[in-house]
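To start, the structure itself, in structure tokens.
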Amino acid sequence: MDTPLRLEVIVASVRPERFAPVVADWFLRAVRARPEFATGVVDLAHTPLPVELTENEHTTAYRARLRDADAFVVVTSEYNHGYPASLKTAFDTAKHEWRAKPIGFVSYGGLSGGLRAVEQLRQVVAEIHMVSVRETVSFHQAKKRFDEAGDTSDAAAIDATERMLRQLAWWGRALRAARTADPYPG
Ligand SMILES: Cc1cc2nc3c(=O)[nH]c(=O)nc-3n(C[C@H](O)[C@H](O)[C@H](O)COP(=O)(O)O)c2cc1C
Numbered sequence: 001m002d003t004p005l006r007l008e009v010i011v012a013s014v015r016p017e018r019f020a021p022v023v024a025d026w027f028l029r030a031v032r033a034r035p036e037f038a039t040g041v042v043d044l045a046h047t048p049l050p051v052e053l054t055e056n057e058h059t060t061a062y063r064a065r066l067r068d069a070d071a072f073v074v075v076t077s078e079y080n081h082g083y084p085a086s087l088k089t090a091f092d093t094a095k096h097e098w099r100a101k102p103i104g105f106v107s108y109g110g111l112s113g114g115l116r117a118v119e120q121l122r123q124v125v126a127e128i129h130m131v132s133v134r135e136t137v138s139f140h141q142a143k144k145r146f147d148e149a150g151d152t153s154d155a156a157a158i159d160a161t162e163r164m165l166r167q168l169a170w171w172g173r174a175l176r177a178a179r180t181a182d183p184y185p186g
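In our numbering, the protein residues as written are 1 to 186.
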């Protein structure tokens, strides 16, 4: 079997009262059950990246983690029909580290389930030479979708998670092999 793909799950919300950990922890349980990924978490609430895009020891360590990754998943909420500002800073803080790598999205929010944020993110990740995976996991009215143990019976989200992870693994393996065989021209 191939060496597991190094997957970094980026948690976008930094609000003190955020719902993000419920969604992120549920997703992490699903992904960690799969042998094709070795999974880490970059929680932006605990990753102080300056909005001025200046350098410090946190940005250096952050970029090193991105450089070592083969694939990414963003867990994002939706604020005013967009994605959190913390996530834009996270994308803008690195450059070559993102390139020729796949990214999937897990979104949550009110009525739209964060899907408007995801559609904006697809434009951003295309600019930084990433491949966005078609399948999206989304939770509309997210707080009603999880029980007290942090589990969900949302069949559409469970099914989408399986599909998204299979697609992410396919792209992750294909692009890792391609980057090794022939450095990406970007
Ligand atoms: C400033 C703000 C704006 C929001 N705008 C939207 C929105 O446009 N669409 C939506 O579906 N939910 C919206 N919500 C609801 C959030 O998606 C919901 O509160 C979610 O739990 C936020 O994620 P977090 O708690 O992890 O930060 C908004 C919440 C906040 C705080």
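Yeah, the Cβ is synthetic: ideal placement off N, Cα and C, and Gly gets one too.
With contacts defined by Cβ atoms closer than 8 angstroms, ARG99 and GLU8 do not form a contacting pair. In the DSSP assignment, the residues bridged to GLU8 are GLY40 and PHE72. For VAL31, the closest of GLU17, ASP2 and PHE72 by C-alpha to C-alpha distance is PHE72. A straight line joining the alpha-carbon of ARG116 with that of PHE19 spans about 18 angstroms.
Measuring C-alpha to C-alpha distances from PRO16 to each of GLU36, ALA45, LYS144 and VAL23 identifies ALA45 as the nearest. Per DSSP, the beta bridge partners of THR136 are PHE105.
Contact annotation: THR161 and GLY114 have beta-carbon atoms that are not nearer than 8 angstroms. The beta-carbon separation of GLY40 and PRO102, rounded to 16 angstroms, does not stay under the 8 angstroms limit for a contact.
In this structure, VAL22 sits away from ASP43, with a CB-CB distance that is not shorter than 8 angstroms.
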